[in-house]
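In the UniProt record's numbering, the protein residues as written are 1 to 479. Note that beta-carbon positions come from the ideal geometry of N, C-alpha and C, so glycine has one too.
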Amino acid sequence: MIEKRDFYINGQWVAPSAANDFEVINPSTEEPCAVISLGSEADTNAAVAAAKAALPGWMATPVAERIALVEKLIDVYEARAEDLAQAMSLEMGAPIDMSRTSQVGAGSWHLRNFIAAAKEFPFDAPLNDRSPNDRIIHEAVGVCALITPWNWPMNQVTLKVGAAAVAGCTMVLKPSEQSPLNAMIFAELMDEAGFPAGVFNLVNGDGPGVGSQLTTHPDVDMISFTGSTRAGIAITQAAAPTLKKVDLELGGKGANVIFEDADEKAVKRGVLHMMQNTGQSCNAPSRMLVQNSIYDRVVAEAAEVAAKVEVGPADQQGRHIGPVVNEMQWNKIQDLIQKGIDEGARLVAGGTGRPDGLNKGYYVKPTVFADVNNQMTIAREEIFGPVLSIIPFESEEEAIGIANDTPYGLTNYVQTQDGARANRMARALRSGMVEMNGKSRSAGSPFGGMKQSGKGREGGKWGIEDFLEVKAVGGWAAD
Numbered sequence: 001m002i003e004k005r006d007f008y009i010n011g012q013w014v015a016p017s018a019a020n021d022f023e024v025i026n027p028s029t030e031e032p033c034a035v036i037s038l039g040s041e042a043d044t045n046a047a048v049a050a051a052k053a054a055l056p057g058w059m060a061t062p063v064a065e066r067i068a069l070v071e072k073l074i075d076v077y078e079a080r081a082e083d084l085a086q087a088m089s090l091e092m093g094a095p096i097d098m099s100r101t102s103q104v105g106a107g108s109w110h111l112r113n114f115i116a117a118a119k120e121f122p123f124d125a126p127l128n129d130r131s132p133n134d135r136i137i138h139e140a141v142g143v144c145a146l147i148t149p150w151n152w153p154m155n156q157v158t159l160k161v162g163a164a165a166v167a168g169c170t171m172v173l174k175p176s177e178q179s180p181l182n183a184m185i186f187a188e189l190m191d192e193a194g195f196p197a198g199v200f201n202l203v204n205g206d207g208p209g210v211g212s213q214l215t216t217h218p219d220v221d222m223i224s225f226t227g228s229t230r231a232g233i234a235i236t237q238a239a240a241p242t243l244k245k246v247d248l249e250l251g252g253k254g255a256n257v258i259f260e261d262a263d264e265k266a267v268k269r270g271v272l273h274m275m276q277n278t279g280q281s282c283n284a285p286s287r288m289l290v291q292n293s294i295y296d297r298v299v300a301e302a303a304e305v306a307a308k309v310e311v312g313p314a315d316q317q318g319r320h321i322g323p324v325v326n327e328m329q330w331n332k333i334q335d336l337i338q339k340g341i342d343e344g345a346r347l348v349a350g351g352t353g354r355p356d357g358l359n360k361g362y363y364v365k366p367t368v369f370a371d372v373n374n375q376m377t378i379a380r381e382e383i384f385g386p387v388l389s390i391i392p393f394e395s396e397e398e399a400i401g402i403a404n405d406t407p408y409g410l411t412n413y414v415q416t417q418d419g420a421r422a423n424r425m426a427r428a429l430r431s432g433m434v435e436m437n438g439k440s441r442s443a444g445s446p447f448g449g450m451k452q453s454g455k456g457r458e459g460g461k462w463g464i465e466d467f468l469e470v471k472a473v474g475g476w477a478a479d
């Protein structure tokens, strides 16, 4: 059991203002693994006040110095990589090998990309060659509340902190209370890297408590939130009276469109991508749209691939998937699997209950449904578990219609060897990201969605832009 720890406010660890204990549960065992304190309004106010006091000095710090501190952060981050991996595996159930590679690696990847983008970013530049006395200055939005989820903890923390830091913003981080341990290690790294007091602050809390306090706080200039669409709507409404800038990375219900000329690895790739992180990814390809001419073969292959996906404890080495994060998520997933059965989808792999041999822990069977139509609940709702729905289609136009018939718009996927068709699909699909034929997006590419998948972009220069205001200056004097 990891004992309770303090908050990081104004460059030091401080005791919470009130006793408000919260047990962090190890989802592999259903046993408590840590105790944290949830912050009170006094803690939130102290963190915001520290960020506000540090803002003028941090904004005035030359960009090169801010970048240098992020470079130092990468060094200390990599030195503590194993601690971060163990924390995430323990608290949110990522298998330890996956935690060491994908979960930890995502953080250093994003920080490096921000450094590269910041070195080329025009923070202060002429409007254009024809207007030498007009200046465009990008300056920090101000005090930013960063509210991060439990499913990809370091991925989301670094996407927000890295961009805010190089932009000159000061920060208050509220990580998910389900996975706070990695964030507290990260606060130690920010301290060791030498960020000035008040630039980065951490207060643990839940959404109704610290989350709501940050969202409505008059001295918070921006909210950057990653989580559910429901919570994103509530945050937007709560932030409206103070006209805060609100960036949202929300849910998804991605379509993976498999045409009859898809490469031979497309189906296996799609199933394994869906099962990665136990299906707990907003950009998961959870709807597999399959052209009728290859439908039966694809269903059989998908079922076979899913049946071979192993499930096991997070501390066990190997390429298995772990548990989902908590009992509430497990129950939700079980209910949705049953809903799929009740609504007439054909279960071809998995199903309700725990996998054989796992009687304790929030484990879910890798599940595949065939003969799904896009009006079924399992095709409409974000399940956030290892559950794949296969939907048939005949023509390219029908595939586009089905793919776009969702309130979400985060990531879609296309599998075809016809380059012209792939490009047509990329233009027609209403999502912030499209990945084709297993090619992931390159370093510096923005992450974000349309519709109820959110607004704003994270990563690269677009991620930095979201933490900046644009100031137009006329009559700039020559240096």
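Residue i in three-state terms, based on DSSP
| i | result |
| --- | --- |
| ILE383 | coil |
| THR61 | coil |
| LYS451 | helix |
| TRP13 | strand |
| GLN276 | helix |
| PRO180 | coil |
| PRO139 | For the sequence presented, residue 139 should be read as Glu rather than Pro. GLU139: strand per DSSP, three-state reduction. |
| SER37 | strand |
| TYR8 | strand |
| SER389 | strand |
| ASN292 | helix |
| ASP221 | coil |
| GLU465 | helix |
| ARG354 | coil |
| ASN113 | helix |
| THR236 | helix |
Terminal residues of the alpha helix (DSSP H) in which residue i lies
| i | result |
| --- | --- |
| LYS245 | Unbroken run through LYS245 is the beta strand (DSSP E), 245-249; no alpha helix (DSSP H). |
| GLN415 | Run containing GLN415: none in the alpha helix (DSSP H); it sits in the beta strand (DSSP E), 411-415. |
| MET436 | Here MET436 belongs to no alpha helix (DSSP H); instead the beta strand (DSSP E) covers 433-436. |
| GLN86 | 81-92 |
| ASN331 | 327-342 |
| GLN156 | 153-167 |
| LEU358 | LEU358 -> no alpha helix (DSSP H), and no H or E assigned at all. |
| LYS471 | Per DSSP, LYS471 belongs to no alpha helix (DSSP H); it is in the beta strand (DSSP E), 468-474. |
| ALA420 | 419-428 |
| LEU214 | 212-216 |
Close beta carbons around residue i, own chain, < 8 Å, minus the five adjacent residues each side
| i | result |
| --- | --- |
| THR236 | VAL246, LEU248 |
| PHE369 | GLY340, ALA345, ARG346, LEU347, VAL348, ILE378, VAL387, LEU388, SER389, ILE390 |
| LYS360 | THR29, GLU30 |
| VAL157 | GLY107, LEU146, THR148, LEU173, PRO175, ASN182, ALA183, PHE186 |
| ALA197 | ASN10, GLY11, GLN12, ALA50, ALA54 |
Close Cβ partners of residue i (< 7 Å) along its chain, the five nearest in sequence each way excluded
| i | result |
| --- | --- |
| ASP418 | ASP261 |
| TRP330 | VAL324, TYR362, VAL364 |
Candidates the options: closest to residue i by CA position
| i | options | result |
| --- | --- | --- |
| ASP43 | ILE25, TRP109, SER17 | SER17 |
| GLY432 | THR411, SER445, ALA422 | THR411 |
| CYS33 | GLN178, VAL70, ALA118 | GLN178 |
| ALA234 | VAL220, ASP221, THR215 | THR215 |
| PRO285 | PHE384, THR278, MET274 | MET274 |
| ASP83 | ILE400, THR406, MET154, ALA15 | MET154 |
| GLY142 | ASP219, ALA116, ALA193, LEU90 | ASP219 |
| LEU159 | GLU71, PHE114, GLY194 | PHE114 |
| GLY350 | SER445, ASN374, GLY385, ARG380 | GLY385 |
| ALA15 | VAL24, SER40, ARG130 | SER40 |
| LEU189 | GLU394, GLY460, GLU71, GLN452 | GLU71 |
| ALA19 | VAL35, GLU139, PRO313 | VAL35 |
| PRO313 | TRP462, MET88, ARG297 | MET88 |
| GLY322 | GLY207, ARG354, MET59, VAL267 | ARG354 |
Per-residue burial, residue i [other beta carbons within 10 Å of its own, 16 or more giving buried]
| i | result |
| --- | --- |
| GLY357 | exposed |
| ILE204 | Sequence check: residue 204 is Asn here, not Ile. Buried is the call here. |
| MET328 | exposed |
| GLY93 | buried |
| LEU243 | exposed |
| LYS253 | buried |
| GLN86 | buried |
| ASN423 | exposed |
| GLN213 | buried |
| ASP221 | buried |
| GLN280 | buried |
| ALA478 | exposed |
| PRO95 | buried |
Interface flag, residue i vs chain D, CB-CB below 8 Å
| i | result |
| --- | --- |
| GLU465 | Although the question refers to chain D, the structure presented lacks it and comprises just one protein chain. |
Sequence-distant residues of the same chain with beta carbon closer than 6 Å to residue i, five excluded per side
| i | result |
| --- | --- |
| ALA47 | ILE9, VAL172, ASN201, VAL203 |
| SER293 | GLU260 |
| ALA164 | CYS144, MET171, PHE467 |
Start-to-end residues for the beta strand (DSSP E) that takes in residue i
| i | result |
| --- | --- |
| ILE321 | Neither: ILE321 is in no beta strand (DSSP E) and is coded neither H nor E. |
| VAL24 | 21-26 |
| ALA370 | 367-370 |
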